[in-house]
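Here's the structure we're looking at; comments come further down.
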Amino acid sequence: MTSRYRVEYALKTHRRDQLIEWIKGLLAVPFVLYSQPTGVFEGQGKNSLARTREEAHRRYSEILRDVELMIDDHIAHQNDAENPFPSKLKLLVPSIGVFFTRLPLEAAFKFQDRKRYISSRRFVSPSFNDIRLMLNSAQIMAVTTHGTLQLATFDGDVTLYDDGQSLEPDSPVISRLLDLLRKNVKIGIVTAAGYTTADRYYERLHGLLDAMANSADLTPSQKQSLVVMGGEANYLFEFSPSSPHLLSPVPRARWLTPEMKTWDQHDIASLLDVAEAALRDCIKSLNLPATVMRKDRAVGIIPLRPDLRIPRESLEEVVLVVQKILELSMVGRARRVPFCAFNGGRDVFVDIGDKSWGVTVVQRWFGGQHGNDALSSSSSASSSVSVSGGIGIGGSGNGNGDGFIKGENTLHVGDQFLSAGANDFRARSVGTTAWIASPLETVELLDELGELMGKKMS
Ligand code: IMP
Ligand code: MG
């Protein structure tokens, strides 16, 4: 790819998060005005590193404090049903969605600046990643110090383990997850990987499941605090030390929400038929080295052989084409069955439901209603809200009914948050989120979380 083409490709809105880009733009101004590249060769004068750093730090902090206040104002608008006018933030970043908590951005900036030396940089301005990590820190501070974290949900590929790999016993993430369970936080692994049987999930998660089974200090109730939600929102398994693969499937009748119960089998099959035909057309028109994989609740394309790679541009083209075709199809227009088309890095899948439904089910499961009829009697369907424009239908909306773990007490950690073709993005409509880029970042995030929770307890 020529660099010119790459630049234009990256500029496409589906490749950008508007809130992060907007903050980046705000921080670029003090960077240009106050960072002093000449200080590198001018020594200890007025442009010395210490002075520049101090000044840049003060300016960045002030801006982030202002953004923090603007988010507070947005939250006040969000909570005021009488007010018909958009907030200032909504006018500036039209794709902004719902905030479940306030975000202490100034404190989060100070924390990340200590780690990443953002204010000390004179040639590289605050970046997308600086801001993404700062938003994560702010979110974690909010769910621990200002609130109480009750449920943490995790994506699988790229979040807990490398793409296509498994959670091996030596993964540093395992001890952090056990630590969350010890602190009585519920855990849901909400993955798109869709398997109908426990053995396949055991294969992917065995390091964690074995560690839980062998742990002497987790209480039985803490061991009951882990579920796996597979295929985005299609297969629920609970941890079960006595089952052959340490997981036991939970029949759909015990966990489907009332809205999910209305998803008609005929509509599901028609939607997957349309998606399959569109995927087959894409394989032909883009000459992809891929084959179609049809499942009970999903259809996707995967490389013909493990050593083959489908170009990223082709994967994204397929997602956007299939999504459009589905939206315009009869079954898609009827909006009776939500779906999620996404780029999995090496493959493209269209799943029935999405992670907003998956996280919702877990919120209800641990909210005290599972296994009884109350599950089907209360529900608060609100519209789905997405931060940078959603795809498909998505969004079950919840967080305020009895017997739910609320959005403000939920944190979903994932790697896919760009609006088009990103499956973790949908979880934003039902809880707070953290956007990581590798399993190592998940470990760092969990350490940050553990430290804040520890401080709060003491
Ligand atoms: P996640 O990152 O844990 O959500 O997993 C996404 C990956 O799971 C996809 O990129 C696929 O490689 C894999 N996968 C396996 N089965 C399915 C399925 O039925 N639907 C979607 N993804 C699947
Ligand atoms: Mg992932």
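In this text, residue positions in the sequence shown follow the numbering used here: the first is 156, and each later residue adds one.
All C-beta atoms, glycine included, are put in the ideal place defined by N, C-alpha and C.
Item, Value
"Let me know the alpha helix (DSSP H) ranges lying completely inside the segment 208-244, each 4 residues or longer, listed in chain order.", "none"
"With DSSP as the reference, please indicate the residues paired to Pro404 in a beta bridge.", "Phe392"
"Tell me, to the nearest whole angstrom, how far the beta carbon of Leu360 is from that of Leu332; I am working on the premise that it is less than 8 angstroms.", "About 10 angstroms; that fails the 8 angstroms criterion."
"DSSP state of Asn578, grouped into three classes?", "coil"
"Could you give the residue range of the alpha helix (DSSP H) that holds Gly180?", "Gln173 to Tyr189"
"Below 8 angstroms, can you find three or more Cβ-Cβ pairs linking the segment 560-569 to the segment 298-312?", "yes"
"Between the segment 353-372 and the segment 415-433, are three or more C-beta pairs nearer than 8 angstroms?", "no"
"May I ask which residues mark the beginning and end of the alpha helix (DSSP H) holding Ala366?", "Ala353 to Asn369"
"Is Val248 a contact residue of the ligand MG, with contact defined as CB to any heavy atom under 8 angstroms?", "no"
"Less than 8 angstroms between C-beta atoms, sequence neighbours within five positions excluded: which residues of the same chain meet that for Tyr350?", "Tyr356, Gly385, Gly386 and Tyr390"
"By the DSSP assignment, the beta strand (DSSP E) with Ile456 in it spans what residues?", "Ala453 to Pro458"
"Taking 8 angstroms as the line, does the beta carbon of Asp310 fall inside it for any heavy atom of the ligand MG?", "yes"
"Excluding the 5 residues preceding and the 5 following Asp228 in the sequence, name in chain order all residues of the same chain whose CB lies nearer than 6 angstroms to its CB.", "Ser242"
"Check whether the Cβ of Gln420 lies closer than 8 angstroms to any heavy atom of the ligand ADP, and answer yes or no.", "Among the ligands modelled here, namely the ligand IMP and the ligand MG, the ligand ADP does not occur."
"Pull up the distance between the alpha-carbon of Gln379 and that of Glu393, whole angstroms please.", "7 angstroms"
"Compute the minimum distance between the beta carbon of Asp502 and the heavy atoms of the ligand IMP, and state whether it is under 8 angstroms.", "yes"
"Can you tell me the Cβ-Cβ gap for Val477 and Cys437, rounded? I've got them flagged as a contact below 8 angstroms.", "7 angstroms"
"Of all the options Arg220, Phe521, Asp451 and Phe186, which has the alpha carbon lying nearest to the alpha carbon of Arg277?", "Phe186"
"So, at 8 angstroms on beta carbons, what are the nonlocal neighbours of Arg488 in its own chain, with the 5 sequence-adjacent residues on each side left out?", "Glu482"
"Do you know whose CA, among Gln320, Ser376 and Arg501, lies nearest Leu470's CA?", "Arg501"
"Buried or exposed: which applies to Ala262, given that a residue is buried once 16 or more other Cβ atoms fall within 10 Å of its Cβ?", "buried"
"Anyone know if the C-beta pair for Trp418 and Ile507 falls short of 9 angstroms?", "yes"
"Do Ser511 and Val585 come within 9 angstroms of each other at the CB atom, strictly closer than that value?", "yes"
"Spatial neighbours of Leu459 within its chain, please: C-beta separation below 7 angstroms, excluding the five flanking residues on both sides.", "Pro444, Ala445 and Thr446"
"Looking only at C-alpha atoms, which of Met296, Glu472, Ile457 and Val405 sits nearest to Trp520?", "Val405"
"Would DSSP call Trp145 helix, strand or coil?", "Residue 145 is absent from the model: the chain starts at 156 and stops at 613."
"With distances taken between CB atoms, is the gap from Leu260 to Ala293 smaller than 9 angstroms?", "yes"
"Which whole-angstrom value is the C-beta distance of Val473 and Ile456, which I expect to be below 8 angstroms?", "7 angstroms"
"Between Thr314 and Gly522, how many whole angstroms is the CB-CB distance? I'm expecting something under 8 angstroms.", "Incorrect: roughly 23 angstroms between the Cβ atoms, too far for contact."
"Given a cut-off of 9 angstroms, decide if Tyr189 and Glu223 are closer than it, judged by their beta-carbon atoms.", "no"
"Leaving aside the five residues before and after Leu607 along the sequence, list all residues of the same chain whose C-beta is less than 8 angstroms from its C-beta, in chain order.", "Ile295, Met296, Thr299 and Thr300"
"Output yes or no for whether 9 angstroms exceeds the beta carbon distance between Ser593 and Asp317.", "yes"
"So, is Ser274 buried or exposed, given that buried needs 16 or more other C-beta atoms within 10 angstroms?", "buried"
"Can we count Asp506 as close to the ligand MG, meaning its CB is less than 8 angstroms from some heavy atom?", "no"
"Taking the alpha carbon of Ser395 as the reference point, which residue from Arg407, Val382 and Arg271 has its own alpha carbon closest?", "Val382"
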